[in-house]
Amino acid sequence: MPSKLTKTKSFLAITSATLLLSACASGSSTNETASQDSQTQSSSAAPTSASAEAKAQSSIEPLAFNDSPLLGGPAKPKFDEGNPGEVGVVKVGPLLKEQGTLLFAFRNNTGEAISHVDWSATARSEGSLVGSGTSQGTTPSQIQPGEVGLAYIYFENAEDFPKGTDYEFKAKTPPADTSFYNTAPFAINEVNFIGESIVGSATNRTGAAATGPYRVSFYCFDDGKMAHQSTDYAAESDQDVADGESVSFSTKIYGHECSEYVVGVSGYFS
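Residues -25 to -1, 1 to 245 in mature numbering (1 follows the signal peptide of the UniProt record, and there is no 0) are what the sequence shown spells out, letter by letter.
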């Protein structure tokens, strides 16, 4: 499901990480913990002559999910550690064909916080290209060293993907700062499941002013596995929000019972 509102992409310097992952759209068993899809992974890193930097990158401690903590909700999924020194995919969830979305999780194993992360992916079946897509933001929108982020790729023709489709991911990872239109992660104050709605509030604790739209991202888990995702926007999305001020949201989750979930809210620095 594509984003309802778009923003000018950040022109900050980027690094790219490429990972090859294989996922079965039919939800078959996997050899990777908490994933409904089979996965293989390969990666390449740029050479460096700075041994101290390499040592620092390799010593990044993988953190528990929502270590920040910016997200709200009872879900506490566990994810693989990933490769040292990389921003890489550590879990591929189901391909939700009706929505056209492929859920996945990634970990920042670099020594720098990243923000406004943009993912792209290609889909191949028996070596032939069958689709391509892009991410629609990440949750949370800033990821500290060692932390995990959640995201999804939107494929326009996902319903046509055959069983056993392979996915190749690439990421653009600008540094986390408060520069103009970089993503501003809000901290969830309260979140409640009321009927079919997620209701809550979040506060700007970034130390800088933010502007909308304020994206509300909801991820549902089933026994620790990613199962569903939906996106909405906060009620104050047409307003500026100063540091210390809050926004509120009420998001319908139609037809999905979910006891394990997390919610994140983010805007843009003004």
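Even glycine gets a Cβ: it sits at the ideal position worked out from N, Cα and C.
Say whether chain C places a C-beta atom closer than 8 Å to the C-beta of residue i.
i	result
Asn167	No chain C is part of this structure, which consists of one protein chain only.
Within 10 angstroms of its Cβ, does residue i collect 16 or more other Cβ (buried), or is it exposed?
i	result
Ser103	exposed
Phe40	buried
Tyr127	buried
Lys53	exposed
Asn84	buried
Tyr236	buried
Asn179	buried
Glu131	exposed
Tyr194	buried
Ala151	buried
Gly230	exposed
Phe196	buried
Glu232	exposed
In this structure, how does DSSP classify residue i when only helix, strand and coil are distinguished?
i	result
Glu171	coil
Asp135	helix
Lys147	strand
Phe40	coil
Ser34	coil
Asp141	strand
Taking the C-alpha atoms as reference points, what is the distance between residue i and residue j?
i	j	result
Ala202	Gly48	15 Å
Tyr142	Gly75	14 Å
Tyr189	Pro160	9 Å
Gly108	Trp94	9 Å
Ser113	Phe81	The amino acid occupying residue 113 in the given sequence is Thr; Ser does not appear at that position. Each residue's Cα considered, the two are about 10 Å apart.
Gly242	Gly187	5 Å
Thr5	Gly68	A caution first: Thr5 carries a pLDDT of 28, below 50, which makes its placement in the model too unreliable to give a value.
Ala222	Phe168	The question names Ala, but residue 222 is Val in the sequence shown. For Val222 and Phe168, the distance between alpha carbons rounds to 17 Å.
Pro120	Gly239	18 Å
Asp198	Lys51	10 Å
Ser110	Asn157	16 Å
residue 246	Ser192	With the chain covering -25 to 245 only, the question about residue 246 has no answer from this structure.
Leu38	Val65	13 Å
Can you tell me which of the options puts its alpha carbon nearest to the alpha carbon of residue i?
i	options	result
Glu73	Glu61, Glu87, Ala50, Phe136	Phe136
Glu56	Glu36, Glu171, Val237	Glu36
Gly219	Gly182, Tyr236, Ile163	Gly182
Gly175	Lys145, Tyr208, Val67	Tyr208
Phe144	Val191, Ile89, Phe79, Glu211	Phe79
Thr97	Pro59, Ala146, Ile89, Gln119	Ala146
Phe224	Ser172, Cys233, Lys66	Ser172
Ser154	Glu134, Ala185, Glu87	Ala185
Val123	Leu70, Ser245, Gly63, Leu77	Gly63
Ile118	Gly106, Glu87, Arg99, Ser100	Glu87
Residue ranges of each beta strand (DSSP E) run of no fewer than 3 residues wholly in the segment 53 to 133, ordered along the chain?
Within the segment 53 to 133, the complete beta strand (DSSP E) runs of at least 3 residues are 62 to 71, 76 to 83, 93 to 100, 103 to 114, 123 to 130.
Which ranges would you report for the alpha helix (DSSP H) in the segment 156 to 227 if only whole runs of at least 4 residues count?
Within the segment 156 to 227, no complete alpha helix (DSSP H) run reaches 4 residues.
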